[in-house]
Amino acid sequence: MVRIGRMASPAASPEFRLSRRDLMAALGAAALCPAWPATVSAQGRTAVALQARIDRIALRPDGPDTPVWSLGSGDLRFRRGEVLDVTFGNELPVAAALDCRGLDGNPAAEPLASRAPLVAGAKDTFQLPLRHAGTFLCEPLLGDGGTAPARPRPLIVTGNSPVAVDRDEVLLIEEWRLRPDGTAIPPGNDPKESTPFHTINGKTSFDVSAPANARLRLRFINGSQRSVLAVKLENLDVRVMAIDGQPAEPFPARNGALVLAPGSRTDVFVDAAGPAGTSFPILLHDGKQARPVGKLIVSNEPPIRPAPFPPAPPLPGNDMPAQLDLRSAARFELPLGTPTEWFRPADFKPSAAPAFQAKAGRPVVLTLTNRGAIASVFHLHGHHFRLLDRLDDGWKPFWLDTLAVEPDQTQRIAFLAEYPGRYLIEQVAADWAAPRLVRWYSVQ
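Take the sequence shown: its position 307, counted from the start at 1, is 307 in UniProt numbering, and no numbers get skipped.
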């Protein structure tokens with residue numbers, strides 16, 4: 001097994017030069033005094049009501065609020081081991097299903113494959129066991145015929161062991177295509193005559209302030225449904241701790257840059273190093289240009305400790321498989337970049353033939369070949385996977401649930417078919433007007 005290769009990243013300069021190809025290449029390669037009190041394993045039941053509804057957000061300081069569709073505001077926070085009794089209601093004018101991205105092994109809650117989309121005014125109830133700690137994402141799963149973009153909502157599941165950080169902050173990056181009248185074009189539609197821009201936590205500029213030597217856990221989420229994005233924290237030591245909700249073998253982000261596929265999440269630790277008033281810009285690159293979207297500021301409060309913490313140990317594990325026996329794996333090929341045998345969510349039927357079927361307890365290797373003209377983003381429901389090395393003799397030391405594959409490229413991924421049931425797989429081209437496409441697979 002080999003260690004992670006260095007991520008191709010921009011030079012350490014405010015210009016943050018990066019091409020779309022650089023973004024894709026980077027993505028493919030890619031316990032001291034605890035601030036949080038220790039907790040015991042939570043096995044309780046928690047009632048959660050989520051409503052897909054019409055909402056508004058202030059995106060233009062000199063204009064009216066922009067209509068959006070959402071699941072409400074704020075982070076959803078629970079503890080590992082809890083079971084959520086979810087009531088999902090649809091107040092939108094189109095059918096919708098609830099998709100909780102990155103939560104493994106919940107076939108009864110799987111959208112489309114197990115739970116049909118709700119018509120306007122309908123409600124659904126189901127259980128959602130939280131098997132793993134990490135950073136996840138809930139969103140309404142819709143067709144491409146909506147009149148407004150749908151906002152995702154972060155879902156944070158904390159572990160049962162303490163983690164030595166002073167702040168735990170979610171940074172949800174969202175991408176918008178605004179018309180001159182201030183309305184937003186939803187993904188899956190032609191973005192002509194619109195202006196692209198981004199927000200963090202709903203703001204065009206988002207600042208994080210902390211005392212000197214404080215350690216922050218920043219949970220970066222790419223809430224864009226189409227674009228691969230790069231985030232850079234200027235002049236900071238950025239240590240990657242988790243990817244797509246699963247702990248990783250910690251490694252430094254080269255030049256402080258992170259590359260995120262649509263819907264993917266990366267947790268990092270950074271220390272607020274320097275005298276009061278020191279400012280570290282947060283830059284965002286979409287493959288065309290970089291722009292400042294916020295900053296980390298060392299506050300005027302007294303230093304929280306005499307010196308920064310030493311490098312952090314790995315996060316507590318989620319009991320993921322220690323090994324994958326690739327020699328005994330079931331192998332399947334899955335072409336991307338073509339709509340053949342793939343369905344738009346509104347056209348999906350559970351009676352369609354599965355993309356593949358696997359036996360429970362057996363490793364699975366998927367060969368993903370992008371036959372399209374632009375990059376395609378692949379997302380696996382129900383299980384996390386390893387990205388295999390080119391020679392199929394090892395894997396990168398992190399788990400993923402989302403992967404971008406460049407045109408005419410082949411990537412191989414592997415996972416243990418651990419949870420019986422029916423699960424979705426998704427692909428979408430990295431283009432605003434591209435349709436979201438789905439299929440399903442089964443573990444028996």
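All C-beta atoms in this analysis are idealised placements derived from N, C-alpha and C, irrespective of residue type, glycine included.
DSSP places Asp408 in the coil class of the three-state scheme, outside both helix and strand.
Ala210 sits close to Leu216, with the two beta carbons spaced by under 7 Å. Between Val259 and Ala230, the C-beta spacing is below 7 Å. Inter-residue distance for Val443 and Glu110 is about 13 Å (C-alpha atoms, whole angstroms). The three-state reading of DSSP puts Asp347 in helix, counting H, G and I together. The way I'd put it, the segment 397 to 416 does touch the segment 307 to 327; three or more beta-carbon pairs between them come closer than 8 Å. Beta-bridge pairing by DSSP links Val163 to no other residue. Cβ-Cβ separation between Gly382 and Tyr419: approximately 6 Å, consistent with a contact (criterion under 8 Å).
For Leu236, no beta strand (DSSP E) segment is defined, and its DSSP state is neither H nor E.
It is roughly 39 Å from the alpha-carbon of Val94 to the alpha-carbon of Leu388. Of all alpha-carbon atoms in Thr367, Ala355 and Pro316, the one lying nearest the alpha-carbon of Val157 is that of Pro316. Below 8 Å, enough C-beta pairs join the segment 368 to 385 and the segment 326 to 344 to call them touching: three or more. Around the beta-carbon of Pro262, 16 or more other beta-carbon atoms lie within 10 Å, marking it buried. Arg217 sits in a strand when the DSSP states are folded into three classes. Among the bridge pairs identified by DSSP, Pro140 is matched with Leu98. Distance between Asn213 and Asn300, taken at the CA atoms: about 12 Å.
Contact between the segment 133 to 143 and the segment 80 to 98 is established, with three or more Cβ pairs separated by less than 8 Å.
Looking only at Ala122, Val163, Thr46 and Ser376, the smallest Cα-Cα distance to Ile425 is reached by Ser376. Around the beta carbon of Val119, fewer than 16 other beta carbons sit within 10 angstroms, so the residue counts as exposed. In the pairwise beta carbon analysis, the segment 187 to 198 is classified as touching the segment 170 to 179: at least three pairs are separated by under 8 Å. Looking only at Pro61, Phe309, Pro64 and Phe220, the smallest Cα-Cα distance to Ala273 is reached by Phe309.
By the Cβ test, the segment 223 to 237 is in contact with the segment 245 to 258, since at least three Cβ pairs between them sit closer than 8 Å. The beta carbon of Gly372 is closer than 8 Å to those of Leu336, Gly337, Thr338, Pro407 and Ala429 in its chain, skipping five residues each way along the sequence. Secondary structure within the segment 259 to 337: the beta strand (DSSP E) runs of 3 or more consecutive residues, fully enclosed, are 265 to 271, 279 to 285, 290 to 298 and 330 to 336 (chain order). Residue burial annotation: Ala434 is buried, with at least 16 other C-beta atoms found within 10 angstroms of its C-beta. Using a Cβ-Cβ distance cut-off of 8 Å, the segment 148 to 165 and the segment 116 to 135 are in contact, since at least three pairs of beta carbons, one from each stretch, lie closer than that value. A straight-line Cα-Cα distance of about 14 Å links Ile173 and Ala290.
In terms of Cβ geometry, Trp399 and Gln225 do not form a close pair [threshold 7 Å]. Put simply, the backbone Cα of Leu59 is about 16 Å away from that of Gly223.
In the three-state scheme derived from DSSP, where H, G and I count as helix and E and B as strand, Pro67 is classed as strand. As for any beta strand (DSSP E) of minimum length 3 sitting wholly inside the segment 83 to 131, the runs are 83 to 90, 97 to 101 and 123 to 129, ordered along the chain.
Around the beta carbon of Ile185, a 10 Å sphere encloses 16 or more other beta carbons of the protein chains shown; the residue is thus reported as buried.
In the displayed model, Gly256 falls within a helix according to three-state DSSP. In the displayed model, Thr147 falls within coil according to three-state DSSP, outside both helix and strand.
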